[in-house]
Amino acid sequence: MTPPTMLQTAQVDTFDLSPMKKNIINLSSNASNGDVKFADWDKFDFTPIRESTVSRAMTRRYFQDMDTYAESDIVIIGAGSSGLTAAYVLGKARPDLKIALIESNICCGGGSWVSGQLLSAQVFRKPSHEFLDEINVEYEDEGDYVVVKHAALFISTLISKVLQFPNIKLFNATTVEDFITRRDEVTGEIRVTGVVTNFTLVTMHHDDQSCMDPNTINCDVVLSSSGHDGRFGAFSAKRLAEIVKPVKDFNGKEIPTATKSSDFQLHNMRGLDMNLAEKNVVKGSQEWFPGVVFAGMEVAEISGCNRMGPIFSGMIVSGIKAAESVLNVYDKRRAQNEKCYGGRTHAT
Ligand code: AHZ
Numbered sequence: 000m001t002p003p004t005m006l007q008t009a010q011v012d013t014f015d016l017s018p019m020k021k022n023i024i025n026l027s028s029n030a031s032n033g034d035v036k037f038a039d040w041d042k043f044d045f046t047p048i049r050e051s052t053v054s055r056a057m058t059r060r061y062f063q064d065m066d067t068y069a070e071s072d073i074v075i076i077g078a079g080s081s082g083l084t085a086a087y088v089l090g091k092a093r094p095d096l097k098i099a100l101i102e103s104n105i106c107c108g109g110g111s112w113v114s115g116q117l118l119s120a121q122v123f124r125k126p127s128h129e130f131l132d133e134i135n136v137e138y139e140d141e142g143d144y145v146v147v148k149h150a151a152l153f154i155s156t157l158i159s160k161v162l163q164f165p166n167i168k169l170f171n172a173t174t175v176e177d178f179i180t181r182r183d184e185v186t187g188e189i190r191v192t193g194v195v196t197n198f199t200l201v202t203m204h205h206d207d208q209s210c211m212d213p214n215t216i217n218c219d220v221v222l223s224s225s226g227h228d229g230r231f232g233a234f235s236a237k238r239l240a241e242i243v244k245p246v247k248d249f250n251g252k253e254i255p256t257a258t259k260s261s262d263f264q265l266h267n268m269r270g271l272d273m274n275l276a277e278k279n280v281v282k283g284s285q286e287w288f289p290g291v292v293f294a295g296m297e298v299a300e301i302s303g304c305n306r307m308g309p310i311f312s313g314m315i316v317s318g319i320k321a322a323e324s325v326l327n328v329y330d331k332r333r334a335q336n337e338k339c340y341g342g343r344t345h346a347t
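Right, here's the structure in full:
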């Protein structure tokens, strides 16, 4: 039997661009009802394109980005409200740094597309509204707090601002699966110097496919904002708690290491208390492990502070505080990494 063949519809494209003029689509049409015409649809056509042109336009840029960001300055894990806020602050403060933003999901924004119990209006306590002013998100001022009419308005605006920074590359549908680590030459302590990544669809199939090796990104500081515990949540907190576990030799005897399991522990978030939670998450947005700064709900998983539930002031300010911590440890971590394996290269 012959294989089924695709039916080619008649080729009607003329690719004649001569009738096309500038502003062929005119949305400023102010004709009255029944006479609205945004374009001359009988003559309308797009500029011609060959399919391979589209393939190459995507592929070339993606692989160029992978090449460029294989050596990043900062990697941010998780593009939820805290990670995106941190990305914005870092992108603005240090246009000279290359920032790779890695998000497991296809869409970024984490839990911020809806408010509490899937409702719309999103509440922020002052003074976090100053950040809303910075990114031009409107709100109703209720005195001590402000309300944005839809959580999606806040997060979509923030995403659009972050994506416009030329020094930030979002790799979505990509999951951080592990860390690159180094042993400090002087102290013998373990330090994080990069991340191990894979396409999320690959990550999700490690159990039912044969080994699918990952990719890597070297960097000087990782900012982890992967949210509270869940399938992809609290990733870094859980992985680092594993990494610091004592190593045993073949006889079951513990091999002494400079990094002890007491150096990094998981305490798991406590019950909801908005007032305590927001303030404590902000306080805890700092470097918890050499080379890793935490932000957002992942801080609650490490520190054991309360959760805050449906209020987002803490996430914004946590992102700002975490960005500050990244900038304050950056030079030190970079100087340490310069000494590893002949130093770091900035080939691209
Ligand atoms: O997909 C995750 C989400 O977008 C992403 N992520 C998690 N693990 C990842 C990994 N690699 C790459 N290994 C990963 N990406 O991280 C993002 C986390 O966003 P989030 O909105 O869940 O976290 P947040 O801390 O920025 O905001 C949390 C807001 C709160 S508070 C709260 C409560 O108290 O119950 N619940 C939420 C959602």
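Its first residue numbered 0, the sequence shown is counted upward by one per residue in numbering that gives the first Met the number 0. All residues carry an ideal CB built from backbone N, CA and C; glycine is no exception. Note that the coordinates shown come from a computational prediction; the quantities given were computed from them, not determined experimentally.
Inter-residue spacing [alpha-carbon to alpha-carbon] between residue i and residue j
i, j, result
"H345", "R124", "The pLDDT assigned to H345 is 49, lower than 50, so where the model puts this residue is not dependable; a value taken from the coordinates is nonetheless given after this. Each residue's alpha carbon lies about 42 Å from the other."
"V69", "G79", "Looking at the sequence shown, residue 69 is not Val but Ala. Distance between the alpha carbons of A69 and G79 is about 22 Å."
"F178", "V325", "17 Å"
"F263", "R55", "45 Å"
"L152", "K42", "37 Å"
"G270", "Q285", "22 Å"
"R181", "R238", "15 Å"
"N166", "D72", "10 Å"
"Q121", "L162", "22 Å"
"Q116", "D44", "45 Å"
"D64", "F164", "14 Å"
"N274", "A86", "25 Å"
"D95", "G33", "53 Å"
"A294", "T58", "32 Å"
"G303", "N279", "10 Å"
"E137", "I158", "16 Å"
"V328", "A322", "10 Å"
"I105", "V185", "41 Å"
"I24", "D143", "46 Å"
"D132", "P309", "21 Å"
"C339", "S114", "45 Å"
"V147", "A99", "29 Å"
"E139", "D39", "42 Å"
Per-residue DSSP class, three states only, for residue i
i, result
"Q208", "coil"
"F37", "coil"
"R269", "strand"
"K148", "coil"
"D262", "helix"
"E137", "coil"
"I23", "coil"
"Q63", "helix"
"T196", "strand"
"V349", "Beyond the ends of the chain as shown, which are 0 and 347, falls residue 349; an answer cannot be given."
"T46", "coil"
"K338", "coil"
"F123", "strand"
"L58", "First, the amino acid is wrong: residue 58 is Thr here, not Leu. Correct three-state label for T58: helix."
"N327", "helix"
"D228", "coil"
"S28", "coil"
"D177", "strand"
"N250", "coil"
"F164", "coil"
"F293", "strand"
Residues that residue i bridges to, as DSSP identifies them
i, result
"R182", "I189"
"L169", "L100"
"T215", "V195"
"E70", "N217"
"L348", "With the chain covering only 0 through 347, there is no way to say anything about residue 348."
Cβ neighbours of residue i in the same chain (closer than 8 Å, five flanking residues each side left out)
i, result
"T196", "I101, F170, T173, T174, V175, E176, P213, N214, T215, I216"
"D183", "I189, R190, A257, P289, Q335"
"N135", "T156"
"E50", "none"
"H227", "A233, M268, M296, E297, A299, E300, R306"
"K244", "S260"
"I76", "G82, I101, V175, V194, V221, L222, S223, S224, S225, F234, S235"
Proximal residues to residue i (C-beta, below 7 Å), its chain only, five neighbours per side dropped
i, result
"S127", "S312, I315, V316"
"V201", "M211"
"V281", "G313, V316, S317, K320"
"A30", "K36"
"S28", "V35, K36, F37"
"I154", "S80, G108, S111, W112"
"E129", "none"
"R333", "D219"
"K331", "none"
"Q208", "none"
Proximal residues to residue i (C-beta, below 6 Å), its chain only, five neighbours per side dropped
i, result
"A236", "L265, E297, E300, I301"
"S119", "H149"
"D248", "I254"
"S103", "T174, T199, F231"
"D272", "N305"
heavy atom of ligand 3 below 7 Å from residue i C-beta
i, result
"F231", "Ligands in the displayed structure: ligand 1; ligand 3 is not one of them."
Three-pair Cβ contact test at 8 Å for the region 181–193 versus the region 286–293: yes
Is there contact here, the region 87–101 with the region 229–236, by at least three beta-carbon pairs under 8 Å? As far as the Cβ criterion goes, the region 87–101 does not touch the region 229–236, which means the pair count is below three.
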